[in-house]
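Heads up: the sequence shown begins at 51 in our numbering, then just goes up one per residue.
Glycine included, C-beta positions come from ideal geometry on N, C-alpha and C.
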Amino acid sequence: MQETIFMHSPDIIIPLFMTTRHFGGEVKFLVTNRNPRWLQKFRAILENLSKYEIIDIDSAGENIHCFPRVIVGLKHHKEMTIDPSRSPHSISDFRAFLRSAYSLKKENAIKLQDGELKRRPCLLIVSRKRSCSFTNLAEITNMAETLGYGVVASELDSNMSRNPVIMKGCDVMMGVHGAGLTNLVFLPENVVLIQMLPIGKFEWHAKVCFGDPARYMNIKYLEYNIKEKESSLIQEFPLDHVVFKDPVAYHKHNWNLFKSMYLEKQNVELDVNRFRQTLVKAMELLR
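(1) For Ile244, which residues does DSSP report across the bridge?
(2) Can you give, in chain order, each stretch of the beta strand (DSSP E) that sits fully within the region 151 to 211 and has at least 3 residues?
(3) Once you ignore the five residues that flank Ala194 on each side, which residues in its own chain have a CB closer than 7 Å to its CB?
(4) Can you tell me which residues form a DSSP beta bridge with Val122?
(5) Let's see if you can read the secondary structure: which residues bound the alpha helix (DSSP H) around Cys110?
(6) Leu237 to Leu231, Cα distance in whole Å?
(7) Pull up the CB-CB distance for Asn98 and Ser183, whole angstroms please, since I reckon it's below 8 Å.
(8) What would DSSP say about Glu239, mapped onto helix, strand or coil?
(9) Whole-angstrom Cβ separation of Ile175 and Gly219, contact assumed at under 8 Å?
(10) Once DSSP output is grouped into helix, strand and coil, what is the label at Leu336?
(11) Tell me which same chain residues have a C-beta within less than 7 Å of the C-beta of Val293, skipping the five on either side of it?
(12) Any idea what DSSP makes of Val322, helix, strand or coil?
(13) To the nearest whole angstrom, what separates the beta carbons of Val242 and Leu335, a pair I think is in contact under 8 Å?
(14) Alpha carbon to alpha carbon, how far is Arg170 from Thr54? Give it in angstroms, no decimals.
(15) In the DSSP assignment, find the alpha helix (DSSP H) that holds Gln90 and state where it starts and stops.
(16) Which first and last residues belong to the alpha helix (DSSP H) in which His127 is found?
(17) In angstroms, rounded to a whole number, what distance separates the CA positions of Asn323 and Gly198?
(18) Who are the near neighbours of Phe325 in its chain, counting only those whose CB is closer than 6 Å to its CB and skipping five residues on each side?
(19) Less than 6 Å between C-beta atoms, sequence neighbours within five positions excluded: which residues of the same chain meet that for Ile107?
(20) Where Gln52 and Leu313 are concerned, what is the direct C-alpha to C-alpha distance, given to the nearest angstrom?
(21) So what does Ser100 bridge to, in DSSP terms?
(22) Apart from the five residues just before and just after Arg337, which ones in its own chain have a Cβ nearer than 8 Å to its Cβ?
(23) Please confirm whether Ile244 and Leu289 have their CB atoms less than 8 Å apart.
(24) Between which residues of its own chain and Leu320 is the CB-CB distance below 7 Å, once the five residues before and five after are set aside?
(25) Going by Cα to Cα distance, which pick from Ile105, Phe92, Phe73 and Met130 is closest to His255?
(26) Could you check the C-alpha separation between Met68 and Gln90 for me, to the nearest Å?
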């Protein structure tokens, strides 16, 4: 599995912001099990939260560090969000902080006028190369362009200097349920997120992981449910197989079995005629 901000945003980055932002940089981070790659990857965020060098307590030796106050651990609310009733900051504050840290100037999605298209809204397709990939990406791109979109396709991998730059011009973002969608934290306000739900009863995961957070972030949200004939699983199993008919009975709440079948082995060939209406709806939401 490729590493994305998904591995860190819910569990570390957002809680780190909640816990330390109100100090205005007057806070020192002490770390153990120091991972230089991780620190470099999130350097822009860490440097905007603290004015000081990170202290590696594992290599401190006999040195003694004295502080008037120490916070051990991080605050965490819901998945990818901040409860403003329990924090001086909101998820909107966090997104504004990211825009500042990564110098993202665009604050709002394009506002289309009725009967007028001054420029094409930008559609970002999260296109994975392995699991949950679009097998007819060119066909999807061509269809979207006929509707008036400018299309950018990107895998949105672990490159934290490149991903925000890709995201900053986005007006509509679409992708199959998975880690890449967590980059939605970089999206401007009022962008439309289209989450594609593959075969496997993803409704609860989709809502908790991305549907609810998108709404908290002032991002307009649409879902598209993949049909059996759009799933690559149709090449392996008949329509009356339990894999299609009752995914819960198939994996019996075994996460590894669920992940293997529905996340790692499943690709998507979108029915562009069926999906067209979802892109039309997304453009309407930009008006």
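The short version:
(1) Met224 and Leu272, per the DSSP bridge assignment.
(2) Runs of the beta strand (DSSP E) lying entirely within the region 151 to 211, each at least 3 residues long, are 172 to 176 and 200 to 204 in chain order.
(3) Within the same chain, Leu173, Val201 and Leu329 come within 7 Å of Ala194 by CB-CB distance, once the 5 residues on both sides are set aside.
(4) According to DSSP, Val122 bridges with nothing at all.
(5) One detail in the question is off: residue 110 reads as Ala in this sequence, not Cys. That residue, Ala110, is in no alpha helix (DSSP H); it is neither H nor E in DSSP.
(6) Cα to Cα, Leu237 sits roughly 10 Å from Leu231.
(7) That belief does not hold up - the Cβ atoms of Asn98 and Ser183 are roughly 34 Å apart, past 8 Å.
(8) The answer is strand: DSSP assigns Glu239 an E or B state.
(9) No, Ile175 and Gly219 are not in contact; Cβ-Cβ is about 14 Å, not under 8 Å.
(10) Here Leu336 sits in coil by DSSP.
(11) Counting only Cβ-Cβ distances below 7 Å, and skipping sequence neighbours, we find Leu283, Phe287, Tyr300 and Met311.
(12) Three-state result, Val322: helix.
(13) The pair is a contact, with the Cβ atoms about 5 Å apart (cut-off 8 Å).
(14) Confidence at Thr54 is low in this model, with a pLDDT of 46, below 50, so the placement of that residue is unreliable and no value is reported for it.
(15) For Gln90, the enclosing alpha helix (DSSP H) has its first and last residue at Pro86 to Lys91.
(16) That residue, His127, is in no alpha helix (DSSP H); it is neither H nor E in DSSP.
(17) Looking at the two C-alpha atoms, the distance is approximately 16 Å.
(18) The beta carbon of Phe325 sits closer than 6 Å to no other beta carbon from its chain once the five residues preceding and following it are set aside.
(19) Closer than 6 Å at the Cβ level, and outside the excluded window around Ile107, lie Leu80 and Thr82.
(20) Confidence is the limiting factor: at Gln52 the pLDDT is only 41, short of 50, which leaves the residue's position unreliable, though a coordinate-based value still follows. Near 13 Å, if we compare the C-alpha coordinates of Leu313 and Gln52.
(21) Looking at the DSSP assignment, Ser100 forms a beta bridge with Gly75.
(22) So the list reads Lys161, Leu162, Gln163 and Asp164, once near-sequence residues are dropped.
(23) Not closer than 8 Å, so no.
(24) Closer than 7 Å at the Cβ level, and outside the excluded window around Leu320, lie Phe184, Asn186, Ile190 and Glu280.
(25) The candidate whose alpha carbon is nearest that of His255 is Met130.
(26) If you take the alpha carbons of Met68 and Gln90, they lie about 21 Å apart.
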